[in-house]
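The block underneath contains the structure these notes are about, expressed in structure tokens.
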Amino acid sequence: MSEQTETRTRRSYDARAAQERWQAYWAEHDTFTPLDDGSRERRYVLDMFPYPSGDLHMGHAEAFVMGDVVARRLKLQGYDVMHPIGWDSFGLPAENAAIQRNSHPADWTYANIETQARSFRRYGLSLDWSRRLHTSDPEYYRWTQWLFLRFRERGLAYRKDSFVNWCPQDQTVLANEQVVAGLCERCGATVTKRRLNQWYFKITDYADRLLDDMSSLEGGWPDRVLTMQRNWIGRSEGAYVDFEIEGPDGGRRAEPVRVFTTRPDTLYGATFFVVAPESELAAELVTDEQREELAAYVERTNQASEIERQSTERPKTGVFLGVHAVNPVNGERLPVWAADYVLADYGTGAVMAVPAHDQRDLDFARTFGLPVRVVVDTGAEDPAETGVATAGDGRYVNSPALEGLSDKASGIRTIVERLEAEQRGEGAITYRLRDWLLSRQRFWGCPIPVVHCPDCGEVPVPDDQLPVRLPDLRGADLAPKGTSPLAAATDWVQVDCPSCGGPASRDTDTMDTFVDSSWYFFRYCSPGFTDGPFDPEAVRRWMPVAQYVGGVEHAILHLLYMRFFTKVLHDMGLVDFEEPMRRLLNQGQVINQGKAMSKSLGNGVDLGAQIDEFGVDAIRTTVVFAGPPEDDIDWADVSPAGSLKFLQRAFRLADDVASEPGADPAAGDQALRRTTHKTVAEVTMLLESQRFNVAVARIMELVNATRKAIDTGAGAADPAVREAAEAITVMLSPVAPYVTEEMWELLGHEPSVAEARWPVADPSLLVAESVTCVVQIKGKVRARLEVAPDVTEEELRELALADPGVQRALAGAEVRTVIVRAPKLVSIVPA
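FYI, the numbering for the sequence shown is 1 to 831, going by full-length UniProt numbering.
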């Protein structure tokens, strides 16, 4: 047995031992703590805040490896990389889980954090643990409260009575963004409406900037995320129209009712008027005779979700309020109805109904026998007969002010000018976006730093009294009851007013956890800073974030809120940019057998068990190699065992290398060198464009080429083999950090490969020495020539005509035409 064979036999890759060894090494040497000394260009890589719901699962395996590939690659390319970690540790899931276990949310949460922290370390993530934070730490939520008070000073945090989304299971209000298809996005319960006094952030003040600034994110953020945000903000151009309200006795309401419409040009087609049944407007307009009927209708309405109320399939219901609205363009009296397909928080809670051109209005009109008048002739049949409303453009009819027009823009402009001239309306822009409802009637959240005084009203807690800490409440009943459990903590609630010193009470709601996660990325830049939420100078050094990684499910909630916070902080002079994340990468889901993993379906896959069986690197490689990052991974279709075999094959390459470190590869196998440098160039480009799976495939090809060179070429002592093995080790290390640390050491280098430098392709080796030129006669290939890449057309013509195979095919025939496309094609046409 040769010495080389003995060495290969003696050494084998022990995944478990490697994991334990290198975890300890990285921790001891602070390998992934950035220098932050200005010696290198900085890059900030960030994974979306993990939630401490339990140990890591397969979804985490994909989400966090993608960010780690980016962070490790940037470090190898010479950047000073900050890749921090922390936990979004307040919120409903922790509180609900603790209640089910008869535990305290803090105990359950921090125990889970420690479990996840151990798993993150095991998973080989290149995290900067020195910046670790938790949103439920008083040192953190002190500054969440401080920011709330600054927002309030700017008029961006306020309280109002309104109908809110109510989750009957979690017993708390929800923001519009937290209601998905009429269901609570946390627990899946059907959401209803309640009228409550709640805290809001005035995100609508930033609607235009949130919309317009997305142009700066194009190319860095996925198009579908930008589209989802644009649709959610929903800018609509149209007009406000004022309708006077006339009672049964002919008297008119002092103030007209204002509605918004995107089609003021259809005003002549309005035949009735509709208001949301639960709105203050309905209660004010209804006559005494109709009041009892309206109250009963409101009670029924509140049992339905918004999705149900707006469904075109649902039978239309309503109550006539006994009054009429006066159409400002023709003076017609339109009956005013309350109908549940109009929502109280959309616009003014009132709409003008044009049944000929709106399907829901038409369905309502047909149900209650109301007139239907066509005012835009699209060529379709009369909706009153067909039951199908007509949409689109056409010639205006039954509209005196628009006679002779057929252009929608002209029609809208004509009506808006008339409304403005008569002071009965005006052109306007509205948004689908609503202010962010942030109050929560639960215990485990950031307390709202406001005191309610009977004499002074709302009084902010002074900055020097922050944080307002949560009371312990261990042993108390934290089960949701429709009001915050904090209300029962009388010793905590009852305080002296900071303004007058008299008896007062704390606000007992807590903040939506999305408030905590809307600014955490700033805190990472200076987690120990005590003079503010973050050190502005540290933020200037590190931000905006170079790469953000997380699920597309946060496209509206978290990503919209954090953009809003950043713009407010910019306006406060705390940061000098308005968009916090330059690039966004959305990873897919890990499913099994075509379905989301679920215990009830019996298709769950335990990440810890997979790691125990195959090792961390094999799982990471499997996840990265499975497909593009944004695609879902079906665990039934992948092979961690195959990934492990590949990694062992790569490990053996490093073990086989027989040349000394620093050996000059120029004297080695030039074909292998060209393959190596071509792979380096391709993998560099692929990783930068986030085509991680294709990059792994290219590395696999280089492993095969290097093995072939060892076994059938110049052998393990060839310095070109060392060059290839070193390139493989460095390029593979972002994906498989443990095995590559072992390989780097086998290759004779000081640890750690994380401190190595990314290989650079030699341009001279990227140029092919020869190109295969195809020679055709009448379209059939008759010869293949190996020629120089810079061969001239004339040289290539002569070579092709002189080729023996071409001569035999021509058989003495004269040549009529020779078409040359140097260096790859010659086409010959005989006479």
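For every residue, glycine included, the Cβ atom is placed at its ideal position computed from N, Cα and C.
Residue i: which of the options sits nearest, CA to CA?
i           : options               : result
residue 380 : 371, 369 and 392      : 392
residue 659 : 117, 716 and 613      : 716
residue 421 : 38, 478, 135 and 241  : 241
residue 509 : 349, 414, 530 and 486 : 486
residue 454 : 279, 321, 502 and 475 : 502
residue 330 : 359, 415 and 35       : 415
residue 476 : 488, 467 and 483      : 488
residue 197 : 159, 221 and 138      : 159
residue 138 : 32, 470, 169 and 495  : 470
residue 113 : 89, 125 and 95        : 89
residue 128 : 71, 826 and 672       : 71
residue 171 : 226, 624 and 92       : 92
residue 770 : 777, 762 and 786      : 786
residue 520 : 20, 50 and 31         : 50
residue 624 : 693, 780 and 311      : 693
residue 628 : 662, 687 and 661      : 687
Would residue i be called buried (16 or more neighbouring beta carbons within 10 Å of its own) or exposed?
i           : result
residue 555 : buried
residue 558 : buried
residue 86  : buried
residue 17  : exposed
residue 301 : buried
residue 699 : buried
residue 467 : buried
residue 119 : buried
residue 269 : buried
residue 597 : buried
residue 704 : exposed
residue 543 : buried
residue 96  : buried
residue 193 : buried
Within its chain, find whatever has a CB closer than 6 Å to the CB of residue i; leave out the 5 residues flanking it on each side and keep chain order.
i           : result
residue 848 : An answer regarding residue 848 cannot be provided, because it is not within the stretch 1 to 831 covered by the chain.
residue 817 : 829
residue 630 : 586 and 588
residue 68  : 125 and 126
residue 115 : 55
residue 548 : 46, 581 and 584
Would you kindly check if the distance between the Cβ of residue j and the Cβ of residue i is under 9 Å?
i           : j           : result
residue 546 : residue 76  : no
residue 341 : residue 274 : yes
residue 79  : residue 131 : no
residue 239 : residue 201 : no
residue 552 : residue 230 : no
residue 783 : residue 791 : no
residue 411 : residue 265 : yes
residue 512 : residue 440 : yes
Name, in chain order, the residues that DSSP records as bridge partners for residue i.
i           : result
residue 669 : Its beta-bridge partners do not exist; DSSP assigns none.
residue 346 : Residue 346 is not bridged to any residue.
residue 595 : 592
residue 427 : 239
residue 572 : BP columns for residue 572 are empty, so no partner.
residue 585 : 549
residue 159 : 199
residue 479 : Bridge partners of residue 479: none, in fact.
residue 324 : 246 and 335
residue 828 : 777 and 818
residue 353 : 272
residue 173 : 166
residue 813 : None, per the DSSP bridge assignment.
residue 784 : 774
residue 377 : 395
residue 228 : Bridge partners of residue 228: none, in fact.
residue 184 : 179
residue 84  : 128
residue 457 : 453
In chain order, what residues of the same chain lie with their CB nearer than 7 Å to the CB of residue i, ignoring the 5 residues before and after it?
i           : result
residue 255 : none
residue 527 : 131 and 133
residue 435 : 200, 201, 202, 203 and 204
residue 796 : 773, 787, 820, 822, 823 and 826
So, for residue i: in the same chain, excluding its five sequence neighbours on each side, which residues have a beta-carbon less than 8 Å away from its beta-carbon?
i           : result
residue 245 : 252, 253, 256, 257, 285, 323, 324, 325, 326 and 336
residue 262 : 236, 237 and 238
Beta-carbon of residue i versus every beta-carbon of chain B: anything under 9 Å?
i           : result
residue 361 : Considering every chain present, this structure includes no chain B. It has just one protein chain.
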